Amino acid sequence: MSNIAIYPGTFDPITNGHGDIVARAARIFDHVIVAVAASTAKNTAFSTDERVDLAQRILGEHKNVEVRRFEGLLAHFVRDCGAKAVLRGLRAVSDFEYEFQLAGMNKRLVPEADTIFMPTTEHYSYISSSLIREIASLGGDVTEFVHPLVCEALNERLGKRAAHKK
Ligand code: COA
C-alpha cells in the first residue's frame, strides 16, 4: 500500500523553503500531495489556480509529487486521499506552538493520520511567503529565495521589479 503524505499550505507563493521540504519528503514517502488551501483567511496575492499552477510547474521534476487544491477542512482532504501523514515544515521554535495545536486538532478530526514535522534547512529558516511578497513589492532581490517562475509572477503581480541577480 502506498505511503502518502499531504503537505498542506497556502503557498502564496511557493518558496525554495517549501521546495526543499517537498524534495526531502519525496525521498521518504511513496507519494507526496502538495495541498494548496483554497479556503484561507489570508488575503492572498495569487488566486488558488495561480498558486497551484506555480507549484505544479516548479515541482514537476518530482515524479511522485502531485499538486492539488483543497477546499474546506484539511482533515477531510487527508481522509479522502487515504493519507496517513500530514507533513509540516518547522522553521523556528516560534512555529511550534501553532503547529502543535494544528497537529492536535487534525489528529482529533482524522485519527488515522499523524502529523510529521520536518525541520527546514537552516538557510531557509527565515523565509516566509509574506516577506517574499513584501521584498518583491519594494523592488528587492528575491531570486535567492524563490524559483525564477515565481520571480516572474511576483514581478507581474506586484508591478515592481523583482531584481534579478547580476
Ligand atoms: N519554507 C518557507 N516558508 C515556510 C515554510 C518553509 N519550509 N513553512 C512554512 N512557511 C511559511 C509560509 O510561507 C507562510 O508564510 P506567510 O504566513 O507569510 O504566508 C507561513 O510559513 C505559514 O505556512 P503555510 O504553510 O502557508 O501554512 P498556513 O499556516 O498558511 O496554512 C493550513 C495552514 C492551510 C495548512 C491550515 O490553515 C489549514 O489546514 N487550513 C484548512 C482549513 C482547516 O482545516 N482548518 C482547521 C485546521 S485544524
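In numbering that gives the first Met the number 0, the protein residues as written are 0 to 165.
C-beta atoms are modelled at their ideal positions from N, C-alpha and C, and glycine is treated no differently.
Because the structure is a prediction, the values reported are computed rather than measured.
Query                                                                                                 : Result
From G88, P147, N105, residue whose alpha carbon lies closest to that of R78                          : N105
Simplified DSSP assignment, three categories, for R156                                                : helix
Best match in A84, H17, T39 for proximity to L53 [C-alpha to C-alpha]                                 : H17
Inter-stretch contact (C-beta, 8 Å, three-pair minimum) for the segment 18-33 and the segment 116-129 : yes
Rounded straight-line distance, which links the Cα of D11 to that of T43                              : 6 Å
From L148, H30, F144, residue whose alpha carbon lies closest to that of V66                          : H30
Beta carbon of T14 nearer than 8 Å to that of F95                                                     : no
Top-ranked residue by Cα proximity to S93, from Y125, G71, T142                                       : Y125
Option in G81, E98, K83, A82 with minimal Cα separation from L89                                      : E98
Counterpart residues of E65 in DSSP-defined beta bridges                                              : I32
Where P7 falls: helix, strand or coil (DSSP)                                                          : strand
Close Cβ partners of A25 (< 7 Å) along its chain, the five nearest in sequence each way excluded      : V31, H61, N63, V64
Element boundaries [beta strand (DSSP E), containing V92]                                             : Taken as a continuous stretch (DSSP letters only), V92 belongs to no beta strand (DSSP E), being part of the alpha helix (DSSP H) at 92-108.
S128 burial status per 10 Å Cβ neighbour count (16 or more: buried)                                   : buried
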